[in-house]
Structures are given as C-alpha cells and as structure tokens.
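Residue numbers (the working numbering): 2 to 521. Quick reminder that beta carbons are idealized off the backbone N, C-alpha and C, glycines included. Report on the structure given below.
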C-alpha cells in the first residue's frame, strides 16, 4: 500500500495548507483592504498582491484566493478518503483472509468450545469496525494532526499572547478525553461480545429451524433471542450514552476557548499601545483582522481536537474488536505436524491401534487401552451403544485429535509422524451428520477430488447407488442444492457424501453410521 499511502499523504499536506491559509487570507482582506492598518504585506504575499494594487482589486483577488483554497481543500479531502478507502478495503480483505485461514487450521477441540455465530461475528462485524477506523480514522487523525501543527505555528507568528490564551482549555480537554475513553473501551468491549452472542443465537436457530418448528418452540426461542438482543441493546445504549455526553463536553470547552480569545483580543485591541505595531506588544497592536482570523483559527484549532478525541473514543470499539480478532489469530491449533513429519507414502491400508487411551476431558476417559488391527481389504465393523467411542476412534485415526496414550499406525507409520494432509488425502470419511455445500450435485461429489471429470463423478455416484435419484432431479447432476442440501432427504444426502468419498479413491474408507438413513 506504499504508493497509495504516499499519494494520500501528499493530498493531506495540500489540504492542511489550504485549511491553515484560509483564515490568514481573511486577516489580509480586513487589515490590507477593508480597514487598512498601514502595515506592509509579507514579502511572500507581494508576488500575488503587490503593494500598489488598489483596495477593490486586492479585496477581489483575496476573495478569489480564499475561494480557491476552499475548492482545493474540498478536492484534496475527497481524494484522501477515496485513497484510504482503497487501502482500508485491501486491509479488510487481507485481514478476513488471514482469519479464515486460521479458522481452517484450528483443531476440532477449538470448535467444540466456540460457537459458529461468534466466529462469524469476529470475521464480519469486528473486522468491519476496524476497517471503518482504518479507512477514515487514520485519514482524519493524520489530517487533523498536521492542521493542528500548522495552525499553532501561524497563531504564534501572528500574536503569541492570543495563541497562549487559545490553548488554556487544552489540558482540560485532554483530561476529559482520557476519562471518557477509558469508560468507552469497557462499554464497547461488552458491545462486541454481545454482538457475537446475538450472531451465535441467530445462526443456531436458523440451522435448527426444522427442530424448532417440529417441537413448536418458536415462542420460547423468540423469548431467548429477545433476552440476548436486549443485552446487546443495553450495551449499545451504555456505549452511546458515554459518547453522547463526550461530544457536548468538547463543544463547551471549545466555546469557552472562543470566548477567552474574543475577550482577551478585545482587551489587547483597546489597551494603549505598549510596543511598536507588528502584533508582538501587549496593547493596541492587535488589529481587527488578527482578532477575526484568531477566532477562525480557534474554531479550526479545536475542531481537529474534537474530531481526534471523538475518533479516539470510537477507536475503543475497534480496540474491543481487535482484541477478539487477535485472540483468534493468536490461537494455535492443538493438532500440528511434527517438525520432522514426512509425507505419508502410498499405503496399502493397514490400521493398528496399539494400547490407545483418550479423553476429551481429563477426568472423563472415553477410550482406555484399545488394541485393534484392520488389514488391507478387510471390512471391520465397530458395534456398541451410543457414547462408547466409535466416532472417537475415527477422529483419532484422522488426527482430528491426538491420543493421550498409545500409538495409532497406518502401514507401520505413526500418524503423528506424518503430515496431516498426506494422511487424510488417503482416507475417505463419511459421517452420520452429512454436510453438503451450496452448489450443484456435481460440485458436491467433485469436492472429493477437484480434478475429476464428469464421467468420474457419475461413476462414483453409480457406485454409491446415488445415480438413480440424481437423474430424476429437475436438472440432474446440475441441480442446485440448498444450504446443507436441505432440499434432499437425509438418506439422499448420505448417498451423495458416500459418492464424494468414493471419488477420492481412498485407501482407507471410513463410514461412521453413514447409511443410517438410507433405505435398504
């Protein structure tokens, strides 16, 4: 983004110069042409407004310069926001991609602890808040900071006494900003958390809409959602109430600064001269033009401070979002490849569980001292009541989890010593809770092997006994499936999942109650 940032910086510098020069041109118009004080013009200004120019022509030219400064400021400001919007959107794209990549690599145990809706909120909502601050906040803070520096320099040059008077309320404003921002950070952190809770509740109820309606739990779920949404409402009200009290407080302080400048400037203008004309004495040296320009400068001085303070307060929302994002990005997968892991060579398919023990929770063992061997070409059925660990064995073999004790070998290779991708690419897994992606039937079957052609897809479907019902669908293999294949029966979804696994041509095929809904 270096070129875009450099171009934006040049526009910010130009805009800042126009903001600083405008009040000075008002001073020139008053003191040189409307009510001349007789003071010579600065040397740099004589190239535009020579000493012998008439008052009418000089005033007209000064007004044209003032108009030009406003127009140039408008154009450069618009350019700043456009360029920073481009930068912000690119940062947003990169950030969301990094989060998505991290989510894809996290272990299943992470998803056991986190709700999908909350993760979606982090990916979409929290990154969006950060993007708003990045796209517009950085431009505003940079522009306002440069404007402050320029205004301070010009004010000190024009009259240092009035300049110091203008700064009297600045410490109070800084203290006010610090107090409000600390409270805002806590409030916005709660706001981001409740947004995630609302998203999680919504996602869960949409996914379970059939169960909700089947058990007539609509009213109960609405009440639960309303309670969660109310918590989000209360958090937002608290955060906004802090901001709503913050902005008027800054307005009051900037108005006090204007009153101080007007009063002190009037005092200096009415006092007997104590120094030669030029703006450096304590009396009579302050012209009407200087007072008017100072009033304009004070407004322009405290406006950036108010804007920066407001951005800083809103930044607390971005900080709260960033905490949730970096918590996710900093999460390391529990299941990783060993440093010396190698790719699993083509296997025959021998599987061995050697005294394997495992527990999801430390004090609740699921498997204890399991020994099992499956030879290549052999069909092995694991039978037992619900909860004895049949699915857990599948998860351990696929290295979704690691064993607590013992070893799992595939063709004498410890699964912990080979890369996970090379292991899983030689396995085909069909779970009882089948998941289908949005897309066509062909797309879902081809997910097992993305390079497969249509003939191979159809062959896999026939082998899984799915071809008959697929060809009866309106568009056949090109029929669009709804989200998670909800326009299919559960048995049809399982057959497509089996076809997907078959297409992958695995050396080890695992069916975890994958035909429980298929009519036989």
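Nonlocal neighbours in the same chain, by C-beta distance under 8 Å from residue 141, ignoring five residues either side: Excluding residues within five positions, the ones whose Cβ falls inside 8 Å are 308, 309, 312.
Spatial neighbours of residue 358 in its chain, beta-carbon cut-off 8 Å, leaving aside the 5 residues before and after: 366, 368, 369, 370, 371, 404, 405, 406, 407
Cβ-based neighbour list, residue 116, same chain, cut-off 6 Å, excluding 5 preceding and 5 following: Contacts found: 201.
Where residue 33 falls: helix, strand or coil (DSSP): helix
Inter-residue spacing [alpha-carbon to alpha-carbon] between residue 19 and residue 288: 23 Å
The alpha helix (DSSP H) enclosing residue 370, as first and last residue numbers: Per DSSP, residue 370 belongs to no alpha helix (DSSP H); it is in the beta strand (DSSP E), 365–375.
Exposure of residue 180, with buried meaning 16 or more beta-carbon neighbours within 10 Å: Exposed: under 16 other Cβ atoms inside 10 Å.
Span of the beta strand (DSSP E) around residue 428: 428–431
Cut-off 7 Å between Cβ atoms - residues of its own chain near residue 496, not counting five sequence neighbours on either side: Take residue 496, set aside five residues on each side of it, and the residues of its chain with a beta-carbon closer than 7 Å to its own are 465, 466, 467, 519, in chain order.
Span separating the alpha-carbon of residue 207 from that of residue 71: 52 Å
Distance, residue 93 Cα to residue 73 Cα: 30 Å
Beta-carbon proximity list for residue 508, same chain, < 6 Å, skipping 5 on both sides: 348, 350, 427
Residues sharing a beta bridge with residue 509, DSSP: 428
7 Å CB neighbourhood of residue 104 in its chain, flanking five on each side removed: 120
Assigned secondary structure, residue 116 (DSSP; H/G/I helix, E/B strand, else coil): coil
Identity of the residue in 161, 148, 502, 306 nearest residue 10 by Cα: 148
Pairwise C-alpha distance: residue 441 and residue 375: 36 Å
Residue 54, DSSP secondary structure in three states: coil
Where residue 9 falls: helix, strand or coil (DSSP): helix
Unbroken beta strand (DSSP E) run spanning residue 360, endpoints: 352–362
Contact set for residue 225: own chain, Cβ-Cβ below 8 Å, skip 5 residues either direction: 202
In DSSP terms, what residue 410 is bridged to: 353, 415
DSSP beta-bridge partners of residue 440: 482
Length of the line joining the Cα atoms of residue 391 and residue 514: 10 Å
Reference residue 329; option with closest CA among 86, 128, 48: 128
Proximal residues to residue 323 (C-beta, below 7 Å), its chain only, five neighbours per side dropped: 131
Rounded separation between residue 473 and residue 490 - CA only: 14 Å
Where residue 381 falls: helix, strand or coil (DSSP): coil
Nearest-angstrom Cα separation, counted from residue 162 out to residue 284: At residue 284, the pLDDT of 41 sits below 50, so the modelled position is not reliable and the matter cannot be decided from this model.
Buried or exposed (CB count within 10 angstroms, at least 16 for buried), residue 264: exposed
Where residue 381 falls, given that 16 or more other Cβ within 10 Å makes a residue buried: exposed
Supposed contact pair residue 16 and residue 122 - C-beta distance, whole angstroms, cut 8 Å: 36 Å between Cβ atoms; not a contact.
Backbone CA spacing between residue 502 and residue 445 [nearest angstrom]: 10 Å
Three-pair Cβ contact test at 8 Å for the region 83–90 versus the region 151–169: When Cβ pairs closer than 8 Å are counted between the two stretches, the region 83–90 is seen not to touch the region 151–169, the count staying below three.
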